[in-house]
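Chemist: Sharing a structure with you now.
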Amino acid sequence: RSAAAATALVSDPRSQRLVKWMEEMEKSAVAGQPNPAFIQAAITTLNDALFHRRQRDFRLLMEKMSPADAQAIHAHFKAMEREGKYFGEYTAFAMRWGQIAGEEAMAHWLETDRGHGNLVEFITGWASTEPEKALAWVKDHQAELGNSNAYRPLLVGWLSRDPVSASTWLEG
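Counting the sequence shown from 1 gives a position; my numbering is that position plus 766.
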């Protein structure tokens, strides 16, 4: 899809610039390394005061996030949190991190961020792309999960990917 066709999807000039920027940042990406252009685009998008545009643009941008970008984006969210800024976009970020690097996201959760919200989003995202791996992880980490019910978000993600196998597992 060309940049012209992509920008036709949104009418807002700032969003159109983001779509064009996304095409350019893809060209500058180096596998396995955070993409500075992507990180800057995410920060710029999060600084947008217009709530609905910020939400739409951030979710659109997350589709291009690589596993290498996730730690840097998470660090930015933590810095904003220390400043007293909280953004609902974190949910989209955490879900996407689970989708593209579930094992890494859960390792991060174990090491630093054992918040229930992170668990739900990471597991839901992971189960929507690799349900069997997410299930195995949940089974293997019951001690660390404590009272958290990781099976609910696991099923939510799994059902979105493959309702038949998720239902079969649930009935078994």
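Every residue, glycine too, gets a C-beta built ideally from N, C-alpha and C.
So, M846 versus G891, is the Cβ gap smaller than 7 angstroms?
Modeler: The answer is no: Cβ separation not under 7 angstroms.
Chemist: Identify which residue in Y856, A900 and R825 has its Cα closest to the Cα of A873.
Modeler: For the residues Y856, A900 and R825, the minimum Cα distance to A873 belongs to A900.
Chemist: With the cut-off set at 7 angstroms, would you say A807 and L775 are in Cβ contact?
Modeler: No. Outside cutoff.
Chemist: Three-state secondary structure (DSSP) at V796?
Modeler: Of the three classes helix, strand and coil, the one that applies to V796 here is coil, per DSSP.
Chemist: Across the region 811-823 and the region 786-797, are there enough close Cβ pairs to call them in contact, namely three or more that are closer than 8 angstroms?
Modeler: No contact exists between the region 811-823 and the region 786-797.
Chemist: In chain order, what residues of the same chain lie with their CB nearer than 6 angstroms to the CB of L784, ignoring the 5 residues before and after it?
Modeler: Excluding residues within five positions, the ones whose Cβ falls inside 6 angstroms are D823.
Chemist: Rounded to the nearest angstrom, what separates S926 and Q799 at their Cα positions?
Modeler: Looking at the two C-alpha atoms, the distance is approximately 30 angstroms.
Chemist: So L911 is in the alpha helix (DSSP H); what residue range does that whole segment cover?
Modeler: Note, L911: alpha helix (DSSP H), Q908 to L911.
Chemist: Could you tell me the distance, in whole angstroms, from the CA atom of W863 to the CA atom of W787?
Modeler: The straight-line gap from Cα to Cα measures roughly 21 angstroms.
Chemist: Distance cutoff 7 angstroms, beta carbons only. Does L876 sit that close to anything in chain B?
Modeler: Reference to chain B is not applicable here, since this structure consists of a single protein chain.
Chemist: If the criterion is Cβ atoms closer than 7 angstroms, does the pair P897 and W924 meet it?
Modeler: Result yes, Cβ atoms of P897 and W924 sit closer than 7 angstroms.
Chemist: Does the distance from the C-beta atom of R805 to that of A838 stay below 7 angstroms?
Modeler: The amino acid occupying residue 805 in the given sequence is Ile; Arg does not appear at that position. In this structure, A838 lies closer than 7 angstroms to I805 by Cβ.
Chemist: Which residue's Cα is closest to the Cα of D814: E877, A871, E789 and F853?
Modeler: Closest option to D814, Cα to Cα, is F853.
Chemist: Could you give the residue range of the alpha helix (DSSP H) that holds R822?
Modeler: F817 to M828 is the extent of the alpha helix (DSSP H) around R822.
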